[in-house]
Every structure is written in structure tokens, then in C-alpha cells.
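Every position in the sequence shown, counted from 1, becomes a number in the numbering used here once 9 is added.
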Amino acid sequence: MGTDRWKMREKEIYTVQVPDLCKRRLLGYAETFRELARSFGGAFEGTETGTDRQTFLDARKVWENRQVMGSNFSEVAQIMTEVADQVFHYEPMEEKCRRQIVHAMKEEGIVVEDICYLPQADDRKAIGLTMCIRKRDRMPSQEAADMLSVLLDRHLQVSVTSPYYIEREIHSFILVEEPSFIVLSGFSKAVKENETVSGDNYAMIESEKGRLTVLLSDGTGSGEEASAESERVLDLMEKMLEAGYGMETAVNLVNAALFARGEEHNHPTLDICDLDLYRGSCSLWKVGAAASFLKKGRKVEEIEMGSLPLGVFRSIEPEAVHRRLTDGDYLVLVTDGVLDALGEGNYEEAMCEAISEVTKQNPREIAEQLLQMVIRTSKGRILDDMTIIVIGIWENSGIT
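In C-alpha cells form, the structure reads like this:
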């Protein structure tokens, strides 16, 4: 790798960039994708005059699909360019501290090399290192993180991108500081009458320690077909986010994929709650999704954004709502079957009141209590799939 070095406040800071050969190849691929995107561009030149309406509509659909493809190629080109230009920073560990760690870990049968600090946001520092084991076949990497926590007087965890075990072969690991907050989540679901499968699906993605994304999708209609569609949406979103796409880009690509299919009556919703447990904040995106609720003590805020479901338009501009979170707050995500069951009147007020009166602290119990309240309100009828997700956040006391 190409490496540059400079001194800043008597500390050696290193930057690592993508090697020149790889960078040139990535930029070459990016330009190819841009050229492909341009080839799919252009205004629609069809005219309804002199042609039957179906022919016109078919031509229009082909043009719209070409625009979707062009947009996707542009997104891929942009990501390749960003990766090619990406710069990583690291700082060597103090020699005395490094020797102490190497010696102490060797006593436990663990060989440690290449220790360095990796600057993070908010002046945090992760620790990068390589490790292998000698006294046994393998051990959980978190055990080594616990040892280093004692040596460095910092609460450290193994990043989700690092191997779960230390083995005899040497591997790279990243250890990160424990976040300031922890979360617990609870779910409760009810399936529509005369159906055996819910059209609602949800997923939780831990992209890195201290970052948790909750996804909730409501498929059009109910039953197996709706379930398959909402599950497909979540699967695509997970793959996009794990590949490093930004939230807005991932949503747009999923939307484009559904739009290109041209299914007029198949438009699932997407509800996103992205939690930053270091800052104690959350960002919510809604694509046709029902309102969410933020509980702070007895006060409950309804969070609603007017938007259409996925696949209605060729492109969308998802906007996020940002909120600060404090110890003891709860976020409640629901599908529209929950709110519809409360009646056409003041369902927002009814839901806010029910949430404000909750005294339980366990998110799963809260979700169950709210769902039972909704079913009682609808006199026992379940006319649509209903899903309630409750996310509780608390300050991290050091016990995980």
C-alpha cells in the first residue's frame, strides 16, 4: 500500500491509501460505468401520435427502465471513485505500551503484532492489531479484548467485522470502545385473520459496534406473497448496507429495482431507524411507512413523514428525521395495520396515550401490551397484519 507520513503535535500519524495500480483500475472501471450510464440517458422521444396507446406505453416503460439502469450505473461509478480516493489514518502505539501488551498477551499464549490506533469520530480511537494463538487451537477474540481492556484501562469490544475466534493462523482484528448507550428491543406480531403468514417483516443490522439499524417492511396485501416481497426488500437493504452504500443510496437502489419490475399493485413500505449509540441519537427514514413514536418519560412524540411506498416513482428523495436520545427513552415502530385497527379518527392520539401510560420497562413486554390494547380496541378483529417494534435505550454502565 502507498503510505505517507507526517508529524502532528509530536505524534506520528500515518495515512494509507489504495495502491496506485488498484486506484487506476478502480477509476477505469468507474469511467466505464459512467459511460454505460450515459448510454442509457436521453429524453423520451416516443409520441402517441400515429401509434396505438399500448405501443406508446410499452415504449415509455422501456425508456423508464433504461433511466433506472443508468442511475444505478452512476451510483456504482460514484462508489468506485470514493473507494479509490479513500484515505485511512492510523497512529502507532507508544513503544512502552506496545511492549507491555505484547509481553502480557504472550504469557497467555497469544502472539500480538502490528498494534496501532485507528482514529474514529468524536476523538475516539479504535485499536488495530494482528493476533494468533499458540497454547490451544482457538479462543474467543472477546477474551483478548477483555485482557486488553484491563491493560489499557478502557472498555473494549471486538468490532463486528473482526473474526469471532483467535486461531493458530494470524488474522487482523479491530477493537473499539464500548458505546455510551445500550439498547434492548422487543417485537410483537399478529397475523391477519384467515392467513397463516404475516406480510410484515423486520431485520436488525449491526454494521459496527455502536451502530444499529432496524428495518421494518410491510408488504402489499397479506399472506405469503406479501411476506416474500417485504422479505426481499429487507434482504436487498441488508446487502446494500453491508456493502457500504449510504442509506439514501441504498433506499433509492431498492426503489429502482421495484420500479423496474413494473408491478402496479405491489408497493411495499420501508421503515428505517438508524441508531448511533456513541452519540445517543437516531435517524428515521420512512418510505410509505406508518408513524413512529418516541417516548420520553410520559411525553410521547409522533414522528410521521408523508411519502409513497417503494416502486411508485422511478426515483425518490428520502429525508431523515433526527432525534437525540437519553437514558430511558423508547422508540416504537409499527405497521399501518396497528394504526388502522384504532379507527379512522384520532388514532395518533390513541396510540400516544397508550404509549405514555406504559409502565413496563422490558421492550418485549411493552410491545405485547400495546398489541393487546390494539386488538381489544378493534374488538378482537385482526383485519390486517400488525407488527410492533419497541427499542429501549439506556446509558451504558459498563455491564453488557
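Glycine residues also receive a C-beta, built at the ideal position from the N, C-alpha and C atoms.
Count the other C-beta atoms from every protein chain shown that fall within 10 angstroms of the C-beta of Thr222, then say buried if there are 16 or more, exposed otherwise. buried
Own chain residues within Cβ distance below 7 angstroms of Cys125, not counting five before or after: Tyr99, Glu100, Pro101, Met102, Gly137
Residues near Val242 by beta carbon distance below 7 angstroms, same chain, minus five either side: Ser226, Val263, Pro277, Leu279, Leu319
Nearest-angstrom Cα separation, counted from Leu250 out to Ala93: 19 angstroms
Provide the residue(s) that pair with Lys115 in DSSP beta bridges, ordered along the chain. BP columns for Lys115 are empty, so no partner.
Since Lys134 is in the beta strand (DSSP E), which residue starts that stretch and which ends it? 134 to 142
Asp132 versus Arg288: straight-line alpha-carbon distance, rounded: 12 angstroms
For Asp283, which of Glu362, Arg332, Val185 has the nearest alpha-carbon? Arg332
I'd like to check one pair, Val341 with Leu303: are the Cβ atoms closer than 9 angstroms? yes
Taking only runs that begin and end inside the stretch 316 to 358, name each unbroken alpha helix (DSSP H) of 4 or more residues, in chain order. 345 to 349
Might you give, ordered along the chain, the residues of its own chain that have their beta carbon closer than 7 angstroms to the beta carbon of Glu215, omitting 5 neighbours on each side? Val169, Leu221
When we look at the beta-carbon of Thr6 and count the other beta-carbons within 10 Å, is it buried (16 or more) or exposed? A question about residue 6 goes unanswered here, because the residues of the chain that appear run from 10 up to 409.
Nearest-angstrom beta carbon gap, Ser365 and Val309 [assumed within contact, 8 angstroms]: About 5 angstroms separates the two Cβ atoms, so the contact holds.
Is the distance from the Cβ of Asp349 to the Cβ of Trp403 below 9 angstroms? no
Rounded straight-line distance, which links the Cα of Val296 to that of Cys31: Their Cα atoms are separated by approximately 37 angstroms.
Are Ile398 and Gly208 touching if we call contact CB-CB under 9 angstroms? Against a cut-off of 9 angstroms, the Cβ pair of Gly208 and Ile398 comes out as no contact.
Exposed or buried, Leu392, counting other C-beta atoms within 10 Å across all chains shown (16 or more means buried)? exposed
Whole angstroms is fine: what's the gap from Arg477's alpha carbon to Gly51's? This structure does not reach residue 477, given that the chain is present from 10 up to 409, and the question cannot be answered.
Gly79 (DSSP reduced to helix, strand or coil): helix
Is Lys70 buried or exposed, if buried means 16 or more other CB atoms sit within 10 Å of its CB? When all chains shown are included, Lys70 counts as exposed.
Tyr38, DSSP secondary structure in three states: helix
Specify, as a first and last residue, the run of the alpha helix (DSSP H) that Arg270 falls within. 256 to 270
Suppose contacts are defined by Cβ-Cβ distances below 9 angstroms. Is Lys218 in contact with Val159 by that definition? no
Buried versus exposed, by CB contacts within 10 Å (16 or more), Gly315: exposed
Can you tell me which of the three DSSP states Pro277 falls into? For Pro277, the three-state secondary structure derived from DSSP is coil.
Exposed or buried, Gly389, counting other C-beta atoms within 10 Å across all chains shown (16 or more means buried)? Counting every other CB atom within 10 Å of its CB across the protein chains shown gives Gly389 a total below 16, marking it as exposed.
Along the alpha helix (DSSP H) that carries Glu240, what are the first and last residues, could you check? 232 to 251
If you compare alpha carbons, which of Ile119, Ser150, Val111, Met156 is closest to Arg143? Ile119
Rounded to the nearest angstrom, how far is the Cβ of Cys361 from that of Leu334, given a contact under 8 angstroms? Rounded, the Cβ-Cβ distance is 18 angstroms, inconsistent with contact.
In the structure shown, what three-state DSSP assignment does Thr368 receive? coil
For Ala154, the residue or residues it bridges with in DSSP: Bridge partners of Ala154: none, in fact.
Going by the DSSP bridge assignment, what does Phe182 pair with across the sheet? Leu138
Under the assumption that Ser324 contacts Ala265 (Cβ atoms under 8 angstroms), give the Cβ distance between them as a whole number of angstroms. 7 angstroms
Kindly indicate the opening and closing residues of the beta strand (DSSP E) around Pro149. 147 to 149
Considering only residues of the same chain and omitting the five flanking positions on each side of Gly230, which have a CB-CB separation below 7 angstroms? Gly208
At the level of alpha carbons, what is the spacing between Asp394 and Gly37? 48 angstroms
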